[in-house]
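What follows is one structure encoded as structure tokens, with my remarks underneath.
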Amino acid sequence: MLELGQLNCFIVVAEELSFRRAAARLHMTQPPLSRQIQMLEHQVGVKLLDRSTRSVTLTAAGRAFLAEARQLLELAANATSNAQRIAAGELGNLTFSFVSCAIYHYLPTLIDRMQQLHPQIAIHLREMPSMFQFNALRLRQVDMGIVRVAPLPEGIAGRQLLKEPFVLAIPSGHPLAHQPELTLSCLHHQPFINYEVTSWRPFHDMINLTLSRHGVEPKYVHSIGSTVAILSLVNGGLGLALVPARSADIRFDKVVFRTLPELKDLYSELLLVWHQENDNPLLQPLLDTLYDSVQQAIHERHPQMTVAAN
């Protein structure tokens, strides 16, 4: 096994073509320097230097080996530097997941800001539903994410970004879209699209509980696993739905959004999440950057929403 110290000794001798000058440059005496070169030649299996009492020259094998030795030392130096920078959170890779409708208008701004503040970090993006992100965090497939689900599973830490109310999404051609005032009772016996229980149980259960508390029994026509998909069905006139208020950022030509007084206690939390045992040194600085950037972007676009305090 070649040793980096031996390679360095050989390079200095090859550059100086003198054991005396090389030893002085390396701050060592000549005998141990000679032993290092002998051990290196033994490892390589060929003679690298021709020595005489008056001169030192490189053999043909030595000249070829010198170029490779320099590359090896450069690679080792780069590897050491990169490892130190990664450990210091100055270099590396970070994977960020998100629910699309949660940061629909903000994603380009957020990524641009993170890359401006951390230009040496490669940021990889993955769009996925909130419930799927938790498993990805456990498996270290994702370092941090933005989700809409609370409470959080065991092992997952989070910071609240905002709380937003639910609103009623109505097909623009539906009679309710043109009424000046609406209450939750307007959903009674109306075709209703809810969140699918497997992938969106928190929303599914919260909505059902709210409807039940107010004695409202809609006609459930579809259950589906994403807000965008739900709104696409509303846009097609297939039913009404309750969705987080900021879903209105996703433009559908035939969807009208209305607030309902009974929904004041039905809200969605937007959370920045990560696994508590994630040891990626890039995580904390990127968490801080993303947290501040999201809150600033939300406040600028939706100042009426409840933004989490620092």
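For the sequence shown, counting from 1, position 163 maps to 163 in the UniProt record's numbering; every step adds exactly one. The beta carbon of each residue, even a glycine, is placed where N, CA and C say it ideally should be.
query: At 3 residues or longer, and completely inside the region 168–251: list those beta strand (DSSP E) runs for me, N to C.; result: 191–195, 219–224 and 241–244
query: Please name the residue in Leu-137, Ile-224, Pro-171 and Leu-58 whose C-alpha comes closest to that of Asn-280.; result: Leu-137
query: Could you pull out every residue in the same chain whose Cβ sits closer than 7 Å to the Cβ of Ala-23, ignoring the five residues on either side in sequence?; result: Thr-29, Gln-30 and Leu-33
query: For Gln-71, which option in Gln-43, Ile-11, His-189 and Ser-130 has the closest C-alpha, if you only look at C-alpha atoms?; result: Ile-11
query: How big is the Cα-Cα spacing for Ala-297 and Tyr-106?; result: 7 Å
query: Quick one, which of Ala-67, Arg-25 and Phe-19 has its alpha-carbon nearest Ser-55's?; result: Phe-19
query: Taking the alpha-carbon positions, what's the Leu-161 to Gln-295 distance?; result: 6 Å
query: Spatial neighbours of Glu-15 within its chain, please: CB distance less than 6 Å, with the 5 preceding and 5 following residues excluded, ordered by chain position.; result: none
query: Assuming Val-142 and Thr-95 make a contact with CB atoms under 8 Å, what is their CB distance in whole Å?; result: 5 Å
query: Drop a sphere of 10 angstroms on the beta-carbon of Gly-45, count the other beta-carbons inside from all chains shown, and report buried for 16 or more, exposed for fewer.; result: exposed
query: Count the other C-beta atoms from every protein chain shown that fall within 10 angstroms of the C-beta of His-189, then say buried if there are 16 or more, exposed otherwise.; result: exposed
query: With DSSP as the reference, identify every bridge partner of Thr-57, one or two as the case may be.; result: Asp-50
query: Considering only the beta carbon of each residue, do Gln-6 and Leu-40 sit closer than 7 Å?; result: yes
query: Three Cβ pairs or more, each shorter than 8 Å: is that satisfied between the region 107–117 and the region 234–250?; result: no
query: Indicate whether at least one CB of chain B lies closer than 7 Å to the CB of Glu-154.; result: Given the protein chain composition of this structure (a single chain), no chain B is represented.
query: Compare the Cα-Cα distances from Leu-238 to each of Arg-258, Ile-193 and Leu-125 and report the closest residue.; result: Ile-193
query: Can you give the beta carbon distance from Val-225 to Glu-269, rounded, assuming they're within the 8 Å contact cut?; result: With the sequence shown as reference, residue 225 is identified as Gly, and Val is not the correct amino acid for it. At roughly 19 Å, the Cβ-Cβ gap does not stay under 8 Å, so Gly-225 and Glu-269 are not in contact.
query: Closest by CA to Glu-127, which one among His-118, Ile-121, Leu-168 and Val-147?; result: Val-147
query: How about Ser-97 and Gln-133: do their beta carbons lie closer than 7 Å?; result: yes
query: Under the rule that 16 or more other beta-carbon atoms within 10 Å means buried, what is Asn-310, buried or exposed?; result: For Asn-310, the predicted model reports a pLDDT of 44, less than 50, meaning its position is unreliable and no value from the coordinates is stated.
query: Can you confirm whether the region 67–81 touches the region 259–278 when touching is taken to mean that 3 or more C-beta pairs between the two stretches lie within less than 8 Å?; result: no
query: With respect to the alpha helix (DSSP H) encompassing His-118, which residues constitute its N-terminal and C-terminal limits?; result: Here His-118 belongs to no alpha helix (DSSP H), and DSSP marks it neither H nor E.
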